[in-house]
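The structure under discussion appears below in the form of structure tokens.
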Amino acid sequence: MKTLNLEVFDTPEPAGQTPIVVLESIAFEEAKLAAYDSGYRAGWDDAVAAQSSDQAQIGAELARNLKSLGFTFADARQHVLDAMEPLLQDIVARLLPAIARASLAPTILHALRPLAERASDSPVEIVIHPTARIAVDSVLAQSNVPPTLIVEEPSLGEGQAFLRLGQSETRIDLDSAIAEISAALGNFFQHPERTEIS
10 MKTLNLEVFD TPEPAGQTPI VVLESIAFEE AKLAAYDSGY RAGWDDAVAA
60 QSSDQAQIGA ELARNLKSLG FTFADARQHV LDAMEPLLQD IVARLLPAIA
110 RASLAPTILH ALRPLAERAS DSPVEIVIHP TARIAVDSVL AQSNVPPTLI
160 VEEPSLGEGQ AFLRLGQSET RIDLDSAIAE ISAALGNFFQ HPERTEIS
């Protein structure tokens with residue numbers, strides 16, 4: 010490639026003027042490319058720094074939003090539990106005992122069926138609380154069951170019964186089931202953060 014030659018004048022430079030630099034065309038092109046690369050690199054570094062800053066800001070905002078959402082969910086869950094506790098306590102205290110009393114006679118009938126095959130002439134002894142007598146008599150009268158002998162025992166709960174045939178004994182205890190449900194419910198509301206509803 011042909012070099013560019015400029016005429017050099019050896020006259021002193023006037024004060025305040027910049028000296029004229031003479032470059033070959035190859036050196037000029039290389040300087041141009043180096044300046045372009047330097048500017049491009051600086052722009053790229055600025056863009057990467059801006060993107061990293063944006064990502065950090067988005068990440069921090071997302072973390073704040075998730076934390077806020079977590080508190081909101083915990084608050085909403087606690088509010089729902091606080092509202093449900095009296096209702097569930099009333100169901101366990103009032104409704105379940107009534108359901109147990111109504112279910113005792115059908116439960117006894119269901120437990121008697123397997124005993125019917127083993128019962129010969131000896132009756133199946135049914136031990137119940139005196140208040141359950143009418144319901145049990147009514148269910149047994151409408152069913153085909155082996156001979157039975159009803160024994161009233163005031164020390165039993167209204168949801169308890171024993172079926173005896175010879176040496177074998179079957180226990181029905183709906184009162185204990187209600188007590189276990191009540192205890193589990195009380196434990197749940199004492200420690201709702203450690204207990205999950207399944």
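At position 132 of the sequence shown (counting the first as 1) the number is 141 in the working numbering, and the numbers step up by one without a gap. Built from N, CA and C at the ideal position, the CB exists for glycine as well.
Can you tell me which residues form a DSSP beta bridge with residue i?
i, result
"residue 177", "174"
"residue 54", "For residue 54, which the question treats as bridged, DSSP gives no partner whatsoever."
"residue 134", "158, 173"
"residue 182", "169"
Exposed or buried, residue i, counting other C-beta atoms within 10 Å across all chains shown (16 or more means buried)?
i, result
"residue 172", "buried"
"residue 109", "buried"
"residue 99", "exposed"
"residue 63", "exposed"
"residue 1", "Given that the chain is displayed from residue 10 to residue 207, the structure contains no residue 1 and the question cannot be resolved."
"residue 117", "buried"
"residue 36", "exposed"
"residue 89", "exposed"
"residue 184", "buried"
"residue 175", "exposed"
"residue 165", "buried"
"residue 85", "exposed"
"residue 150", "exposed"
"residue 58", "exposed"
"residue 170", "buried"
Just checking my contact of residue i with residue j at CB under 8 Å: how many whole Å lie between their CB atoms?
i, j, result
"residue 105", "residue 190", "7 Å"
Between residue i and the rest of its own chain, which residues show a CB-CB distance below 8 Å, the 5 nearest in sequence each way excluded?
i, result
"residue 187", "101, 105, 106, 109, 168"
"residue 160", "134, 135, 136, 137"
"residue 111", "144"
"residue 142", "159, 161"
"residue 147", "114"
Beta-carbon separation of residue i and residue j under 8 Å?
i, j, result
"residue 33", "residue 13", "yes"
"residue 123", "residue 157", "no"
"residue 139", "residue 155", "no"
"residue 194", "residue 97", "yes"
Among the residues of its own chain, which have a CB less than 6 Å from the CB of residue i, if the five just before and after it don't count?
i, result
"residue 179", "120, 172"
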